[in-house]
Each structure stands twice: as structure tokens, then as C-alpha cells.
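Here the structure is laid out as C-alpha cells; the discussion comes afterwards.
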Amino acid sequence: MSTARLTTQPIDSTSLIREVAADDRGAIVLFLGTVRNSNEGRPVNGIDYSAYDAMAVAEMQRIVSEAGSRFSGVAIALEHRVGTLSVGETSVAIACSHPHRAAALEANRYVIEELKRRVPIWKREHYLDGTSEWVDPLRRPAEAAP
Amino acid sequence: MTVRVLLFASYADAVGQNELTLELDDGSVVGDVVSRVREMAGGRALPPAPLLALNAAYSTSAAVVRAGDEVAIIPPVAGG
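In the order they appear, the protein sequences are chains F and U. Residues in the first sequence are numbered from 1 upward in steps of one, following my numbering. Residues in the second sequence are numbered from 1001 upward in steps of one, following my numbering.
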């Protein structure tokens, strides 16, 4: 009923929607995470995503399984891309369907928040000035100080 | 016994390797792997208590490792 995977190819969000669509579904929620053109005021060219593949897939599967327990009846398709992405490209897509909207919305939020918290994926941002850095979300508040 | 150690992202850059093998005494724990890697050139860039995984699942530093296990030292994750 639910799937989670990594891909090196561009994400086709329509196919994720198709995976979770069914006649008994009254709500489908699609979340797309996309590469933003700046971070903390620095213009961004693109991002290299890398993962501990085996664990990332296992952890993503655990998350969609947990979401299925918390929000009974939800169907989820989760896909995260790795490799070099340009501004505007989709890095992660989550489609959740349920007979009713509340569970579909909440399940989608649960999956993206848990993914960001615990799935072993890293990103190296490439800036317009030619430099690049690994992104450390834990360090961000201090660095973001003006 | 031999265990496989995986490093990623900034930790792999710091040590200059993304995969290595370590010889450990029987009864060693995951935390011992961190200590050994921190003794290597560049290893001080790793925090003393990083996130850890044993055989592709999060683990504590007290988990006992066995021959052939795969220990991963996990930098702050940044997916999404």
C-alpha cells in the first residue's frame, strides 16, 4: 500500500499520485521539495544529494510504515532523488491518499518532517560564486545570524 | 575481528575516505570505532559523539559489534 525509494532520475510526481489514487480515496496530498535558488542569503546554483543508500531506503520505509499506523488507511508513495540537481528541480516527492483530507494532510506532514530529521541523506550546496559547502541544519541558526 | 566502517559527506571529506576496515578486539562497541576513526588523520573533525548506525539502522555507541558488521558514522542529515 505504501512505497519508499531513492532514485537518480528526475522525479515524476504524476506517477506517485497514480500509485496512491483509488476510487475510495477522497483526498490526495502531494508534497514536493525543490531546490531553492538561495540559502541564508547566498545565491545557490544547485545541490549534490548523496545518501547512505541501504539505510536511507530502510529508514524511509520505516517512516511510511509508521505513518500507516498513525493514520489508518493512508497510502503513501515517497521518492527521494540523489545526484546533482539544479535550481527548481524536485529533490523529494510525497504523495499521500486517504478517504478523507485530514489524515492525508497530516500523514504527508509526518513523512516530510521525519525524513528531514532522520533519513541519512546529505546535500552539498553549490553557490553562484563557485564555492560549495555541506549543509548542516543543526549549525544553521548560529550561521544565519546577520 | 574486522568491521567495515562507512563515512559520509563532511566526515568522509575530513578523513579522506568513505569506507575503511578496522581490526577490533572481540567485545568492542560502536563507540570504539568512533574513537579509532578520530585518531586518524583528519579524524578530529568528527564530534566525539556523532550519530551512529550499525548494519544500516541507528544504534547507540554502546552497541556491541561483531565480525563483518557495518558501522556508519552519520553526519547531521540534510535530506528533503
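In this text, a Cβ means the ideal position worked out from N, Cα and C, and glycines have one as well.
At a beta-carbon threshold of 9 Å, none of the residues of chain F lie near U/Ile1073; the nearest stands roughly 10 Å away. With a threshold of 8 Å between beta carbons, F/Pro120 makes contact with chain U. From the listed residues F/Arg117, F/Ser132, F/Arg124 and F/Gln9, the smallest Cα separation to U/Leu1051 is found for F/Arg117. Within the same chain, Ala4, Arg5 and Leu6 come within 7 Å of F/Val57 by CB-CB distance, once the 5 residues on both sides are set aside. For F/Gly33, a Cβ of chain U is located within less than 8 Å of the residue's own Cβ. The Cβ of F/Ser50 sits closer than 8 Å to at least one Cβ of chain U. Taking F/Ile121 as reference, the option from U/Val1029, U/Gly1068, U/Ala1056 and U/Gly1043 with the minimal CA-CA separation is U/Ala1056. Counting of Cβ neighbours within 10 angstroms places F/His100 among the exposed residues, the total staying below 16.
Residue contact check for F/Leu138 against chain U: a CB pair falls below 8 Å. With a threshold of 16 other beta carbon atoms within 10 Å, F/Asn108 meets it and is buried. U/Val1005 places its beta carbon less than 8 Å from that of U/Val1071. Ile112: these are the residues of the stretch 99-114 of chain F whose beta carbon lies less than 8 Å from some beta carbon of chain U, given in chain order.
In the three-state reduction of the DSSP assignment, U/Glu1023 falls in the strand class.
Taking F/Ser13 as the centre and dropping the five residues before and after it, the same chain places the C-beta of Leu30, Leu32, Thr90, Ala93 and Ala95 closer than 8 Å to its C-beta, in chain order. By the Cβ test, the stretch 1038-1045 of chain U is in contact with the stretch 1013-1021 of chain U, since at least three Cβ pairs between them sit closer than 8 Å. If the five residues before and after U/Val1064 are omitted, its C-beta is found closer than 7 Å to the C-beta atoms of Gly1027 and Val1029, all from its own chain and listed in chain order. The straight-line gap separating the alpha-carbon atoms of F/Gly73 and U/Leu1024 is approximately 47 Å.
In this structure F/Met60 is not in contact with U/Ala1053, their Cβ atoms being roughly 14 Å apart against a cut-off of 8 Å. The continuous beta strand (DSSP E) containing F/Asp48 extends over residues Arg42 to Ala51.
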